[in-house]
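These notes concern the structure reproduced below.
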Amino acid sequence: MTARRVFKLLRRSAYAALVVGASWAAGHYADRQLRAKLLQQTRMLAASICPDWVAALTGTPADLGTPVYRHFKEQLANVCRAQPGCRFAYLMASRSDGAIVFLVDNEPDDSPDCSWPGQVYTNCSKELISVLADGQPVVRGPYFDPWGTWVSAMAAVTTPAQGRPIGIGLDIDAHHWKWIVAAHAAIPAGLATIAILLTALTGRLLTSRRTLRDRKTELENSEQRLLELAAHSRTVAWETDADGLITYVSPVVESVFGYHPDELVGKIHYHDLHPESGRAAFRQATLAVFASREPFVDYENAVVAKDGRTIWVSTSGLPQTGPDGTLRGYRGHTMDVTVRRRAEESLRENELKLRTLFDSMDEIVALHELICNAAGTPRDYRLTDVNEAFCRLTGLTRKEAIGKLASEVYRAMPPPYLTEYAQTTLSRTPCHFETFYSPLDKHFLISAVPLSDNRFATISMDITTRKRAEERLHTLLEESNQTRQALLGILEDHDRAAADLKRLATAIEQSADSIVVTDPQANIQYVNPAFETVSGYHREEVIGQNPRLLQSGQQNAEFYRRMWTTLRAGQTWKGRLVNRRKNGALYTEDAIISPVFDAQGQIANYVAVKRDISEQLRLSAQLQDARKLDSIGRLAGGVAHDFNNMLTVILGHAEMILSEASLTPDVRASLEEIRRAATESGALTRQLLAFARKQTIAPRRIDLNETVSVSLRMLHRLIGENIELIWQPAATALPVQADPSQMGQILVNLCVNARDAIAGTGQICIATGTARFDAAFCASHPGAVPGEYARLTVRDTGCGMDAETLAHVFEPFYTTKPAGTGTGLGLATVYGIVKQNAWIIDATSVPDQGSTFHVYLPRAAGPAAAAAAPAPPAAPADGSRTILLVEDEPAILAMTAQMLIRLGYVVRAAQTPAEAIRLAKEHSDPIHLLLTDIVMPGLNGRDLARTLRELQPGLRCLFMSGFTADVISRQGILDEEIHFLHKPFTRRELAAKLHQVFDA
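The opening position of the sequence shown corresponds to residue 5 in our numbering, with each subsequent residue numbered one higher.
Right, here's the structure in full:
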């Protein structure tokens, strides 16, 4: 090989070595620069994270779905998208056991690479541990872990001094990193070889420059994203010179402080933003920090915004020095913490209020933490807080008690009430119990309430005084034989209670009667729970008070003077007291008050046993009213029966005579007067029967609206032209089960009552509607059942009634009208009809304003039947039909037979059932109808009809009577197949009824 070739080879080798060396140096330099830049970005990212927010992460699966977790998840995902080659971004924390766990990362929840909160990182390096331990950021790698090969940067968000150490990390794919390093190293390598390969590498150089421009653009975009992240977190990045003059401030400052960067840079010192009050001191403190050249973290101070608002900020800064070590200034970031600060102040105020309330309570309050062994069995509990009442009772200071185990505080193992407290805490169920704590010689009422985790609170009330008072009362009862005898007499059947005073004390506490014990001056010393229930006063309110606080004023001073004269004479007083409850309501008691003597024979106490009889008196009054009304009803029913028989004869004969054409006018007028009087008397007896609930009715499904509408013309004539009748029907049909004739009686009587209450002109309003009864309404209206009801309302603008009149309004023969102008049966008739049908009636009235009556009828299922058209006058019979008439009253028998003959029927009359059976057997021709009285001697009308139908199959029956009977009805309601004619009746009514029966 020639020397020239060797030289050329050596020269090429030297050039190659130069290229390789330059490339290595450039790559090493580029690697350092990129690592420094990655580290700076990681530090800035760590500085932009709010420590308070990240402290809210617990590092457990409970974080999943919380707003803070989702916020960081999205923020870290944005970082990865903003940083080329960044595969993972995550927050890590050091656990108390030394393990390094993930808090949150950028991966979606459904990604297989997602690291869940609390997942332990098993490939943790010493560098990562040191970052969390001392807060110094680090870049390491390339290194390998289960996810791949990485170059990673880690910076501390919080240090151990700030609480739980937390760091943020960025993982760059190692292959991507090497490619970036190679790209950066290509520039010096190209410069070193440009003289050798200028022409050959021109294209490659241009490509590298384009790549650098792209990378620069990516870096600028990354910086822009970081600035946007800072703006989102309201974090202002800044730089100052050594005197604190602001030399740079990020644009975010305008949204946080209101200043444009140009208004601050080079013009304002950092301390000039502090409020004027304390600005000089803050300036001195700032310059002192600058002089020390020490970094500062999370320094909180106030800043005055451009609009004058005071903003609280948290500031962290790092000193910036020149090559010669001189201080060039500080660089750092400031975060708006006004909201957090105000929240903290509000929290401190609330804590202060709660602490004040906590310490001012008379009850002994303590907070505890349940301590369990490895098997989960409770073995002790620790005091975590106590109030002043606890300290006063135990003699311990709060410092001496808090943090101590209960076994240490109470010097007992197991500690007091461990079982009860453990059950409350583990079952999450409060408990309450009374106990005697012998070390303090006190009785307590303790309430234990579970809190979060294994924590619970106890509230203890010192009831020693009450217990000892009860013991004193017990002792008093044991020592006083006379008291025992008095109580034995009061309690009647407790003859053996003297042998067991403990059971007696229990009986007194549980007695339904009020028991009061006073001293000789009548100051109350004891009351039992029944007294509290009846009077409304708590025991603590009356102990030491005089029983006169219960006096109602219903009994005069002389009454009480006689009572005390009896008691002070050593005698037992029995009587009835009208007292006043705490809420002002009056109540009546039967009372027995006895003196209790001591061993010297002196009165030591008075014992009163009282029973509230208010409800008993109310029920008794109701029973008396019911008995009175029932007696009147029975009397009315009996009178109506006999009276109707007589009216039937009078009315029948009057009608038959009136049918004679030869009557003189005077005689005809007299007979018309007789018929009118008989008709009105019949109406009166029907009212009596309605009140007595002995009216025979045939209820059917009707429309209440239609029934009222049909009656309006008659009601208009009844009330007169000076009174306006208003009809307000419901919008829809109201089907009810009722007898139309009874509904007519109700309307007539209510409207007549309203008419008589109106002097001169006025209004009567009839309205229908619906109502729904609930349990509360039914409780106050006996007999009502919950459900849907139709409502009939009659309202007038008359004189109204006072409460006393309203209380008697439904009583028979009670009337406020002048003598001779009213029977007193109108509203009683309405009341009787309502009760017969198990409906409900309600009346209200205001004097000088008018009265309102509501009648409630249960709504019937299905549509109402159409109203029956008025029947035309019955045509005379043609003499082809035979009627067997049976009536035990001879006068009615003769009169009815004459009516039937004149109506064109063949009549066979019998005065007894036996005679009727004989006539039926002897009569060869068919008998078409049996017209019979119901109540007769020997055989009633229904049994007679059954017997005759065996002789005459297909025999029709029409029953007549002056009142209903259980023979043909149930509770006054006719059986469906029964035809009934009510006495007294006219010939026209008899003809119509016969026509109806024959056509059925």
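Using N, Cα and C, we set each Cβ at its ideal position, and we do this for glycine too.
(message) Could you tell me which whole beta strand (DSSP E) segments of length 3 or greater appear in the stretch 450-480?
(response) Annotation: the stretch 450-480 contains the following complete segments of the beta strand (DSSP E) (minimum length 3 residues), in chain order: 459-466.
(message) Going by beta-carbon coordinates alone, are ALA775 and TYR835 separated by less than 8 Å?
(response) Not a contact, by the Cβ cut-off of 8 Å.
(request) Tell me whether VAL971 sits in a helix, a strand or coil according to DSSP, three-state version. (result) Note that VAL971 scores a pLDDT of 46, beneath 50, so its modelled location is shaky and nothing firm can be said.
(message) Once DSSP output is grouped into helix, strand and coil, what is the label at HIS75?
(response) It is helical.
(message) Given a cut-off of 8 Å on the beta-carbon distance, is the pair ASP616 and VAL531 in contact?
(response) In this structure, VAL531 does not lie closer than 8 Å to ASP616 by Cβ.
(message) Taking a contact to mean a Cβ-Cβ separation below 8 Å, would you say THR736 touches THR797 in this structure?
(response) Remark: C-beta atoms of THR736 and THR797 do not approach each other more closely than 8 Å.
(message) I need the straight-line Cα distance from PRO141 to VAL135, nearest angstrom please.
(response) Answer to the nearest angstrom: the Cα atoms are 6 Å apart.
(request) Work out the CA separation of GLY139 and HIS273 for me, nearest whole Å. (result) Those two C-alpha atoms are separated by around 29 Å.
(message) Helix, strand or coil, according to DSSP, for TYR421 in the structure here?
(response) In the structure shown, TYR421 sits in coil (DSSP, three-state: anything other than H, G, I, E or B).
(request) Quick one: residues in its chain with C-beta nearer than 6 Å to the C-beta of SER518, no 5 flanking neighbours on either side, listed in chain order? (result) Cβ neighbours of SER518 beyond the five flanking positions: ALA534, PHE535, VAL538, LYS614.
(request) Using alpha carbons as the reference points, say which of LEU889, PRO55, LEU581 lies closest to GLY557. (result) That would be LEU581, whose Cα lies nearest to the Cα of GLY557.
(request) Could you check if ALA51 is buried or exposed, using at least 16 other CB atoms within 10 Å of its CB as the buried criterion? (result) Under this definition ALA51 is a buried residue.
(request) Please state whether DSSP places ARG566 in a helix, a strand or coil. (result) If DSSP states are grouped into helix, strand and coil, ARG566 belongs with the helices.
(request) Write down every uninterrupted run of the beta strand (DSSP E) in the stretch 802-867 whose length is 3 residues or greater and which is fully enclosed by it, in chain order. (result) Counting whole runs of 3 or more residues, the stretch 802-867 contains the beta strand (DSSP E) stretches 844-850, 854-862.
(message) Out of TYR909, ILE931, LEU948, which one is the CA nearest neighbour of ALA918?
(response) Here the closest residue by C-alpha is LEU948.
(request) May I ask you to list the residues that DSSP assigns as paired with HIS372? (result) The partner list for HIS372 (beta bridge, DSSP) reads LEU387, PHE460.
(request) Have a look at LYS220 and LYS130 and give me their C-alpha separation to the nearest angstrom. (result) Near 33 Å, if we compare the C-alpha coordinates of LYS130 and LYS220.
(message) Please report the straight-line C-alpha distance between ARG552 and ASN527, rounded to a whole angstrom.
(response) About 10 Å.
(message) Quick check: is the beta carbon of VAL293 nearer than 8 Å to any beta carbon in chain B?
(response) Judged by its chain identifiers, the structure shown contains no chain B, having just a single protein chain.
(request) Might you give, ordered along the chain, the residues of its own chain that have their beta carbon closer than 8 Å to the beta carbon of PRO874, omitting 5 neighbours on each side? (result) Here the model assigns PRO874 a pLDDT of 47, short of 50, so the residue's position is not dependable, and the following value carries that caveat. The beta carbon of PRO874 lies closer than 8 Å to none in the same chain, with the five residues before and after it left out.
(message) Tell me whether GLY312, by its Cβ, gets closer than 7 Å to a heavy atom of the ligand GTP.
(response) Looking for the ligand GTP in the displayed structure turns up nothing, as the structure carries no ligands at all.
(message) Can you tell me whether ALA742 is helix, strand or coil according to DSSP?
(response) It is a strand residue.
(request) Name, in chain order, the residues that DSSP records as bridge partners for LEU651. (result) DSSP, once it has assigned bridges, lists no residue as partnering LEU651.
(message) Judging by CA-CA distance, which residue of TRP242, ARG585, GLY262 is the nearest neighbour of LYS310?
(response) Closest by C-alpha distance to LYS310, out of TRP242, ARG585, GLY262, is GLY262.
(request) Determine the burial state of HIS932: buried for a count of at least 16 other Cβ atoms within 10 Å of its Cβ, exposed for fewer. (result) With 16 or more other Cβ atoms inside 10 Å of its own Cβ, HIS932 counts as buried.
(request) Select from GLY830, GLY802, ASP806 the residue whose C-alpha is nearest the C-alpha of GLU815. (result) Nearest in C-alpha terms to GLU815, of all of GLY830, GLY802, ASP806, is GLY830.
(message) Can you list, in chain order, the residues of its chain with a C-beta nearer than 6 Å to that of THR360? Leave out the 5 residues immediately preceding and following it.
(response) Closer than 6 Å at Cβ, skipping near neighbours: no residue.
(request) Taking THR886 as part of the beta strand (DSSP E), name the residues at either end of that continuous run. (result) THR886 -> beta strand (DSSP E) spans 886-890.
(request) On a CA-only basis, which of THR251, ASP245, VAL240 is nearest ARG260? Give me that one, please. (result) First, the amino acid is wrong: residue 260 is Val here, not Arg. It is VAL240 whose Cα lies nearest to the Cα of VAL260.
(message) For LEU49, count the other beta carbons within 10 Å of its own beta carbon; 16 or more makes it buried, fewer makes it exposed. Which is it?
(response) By the 10 Å Cβ count, LEU49 comes out buried.
(message) Could you check whether ILE184 and GLY89 sit closer than 8 Å to each other, using their CB atoms as the reference points?
(response) Yes, the Cβ-Cβ distance between GLY89 and ILE184 is below 8 Å.
(request) Name the two residues that bound the continuous beta strand (DSSP E) containing CYS395. (result) For CYS395, there is no enclosing beta strand (DSSP E); the residue is part of the alpha helix (DSSP H) that begins and ends at 392-398.
(request) Tell me the start and end of each unbroken alpha helix (DSSP H) in the stretch 122-194 that is at least 4 residues and wholly inside, in chain order. (result) Within the stretch 122-194, the complete alpha helix (DSSP H) runs of at least 4 residues are 130-138.
(request) Take TRP181 and list the residues in its own chain whose beta-carbon comes closer than 6 Å to its own, dropping the five residues that flank it on each side. (result) Excluding its 5 nearest sequence neighbours in each direction, TRP181 has C-beta neighbours in its own chain below 6 Å: VAL155, listed in chain order.
(request) Within the same chain, show all residues whose beta-carbon is closer than 8 Å to that of TYR73, passing over the 5 residues directly before and after it, in chain order. (result) Only LEU61, ASP67, VAL108, PRO121 meet the Cβ criterion.
(request) Put TRP28 into one of helix, strand or coil per three-state DSSP. (result) Correct three-state label for TRP28: helix.
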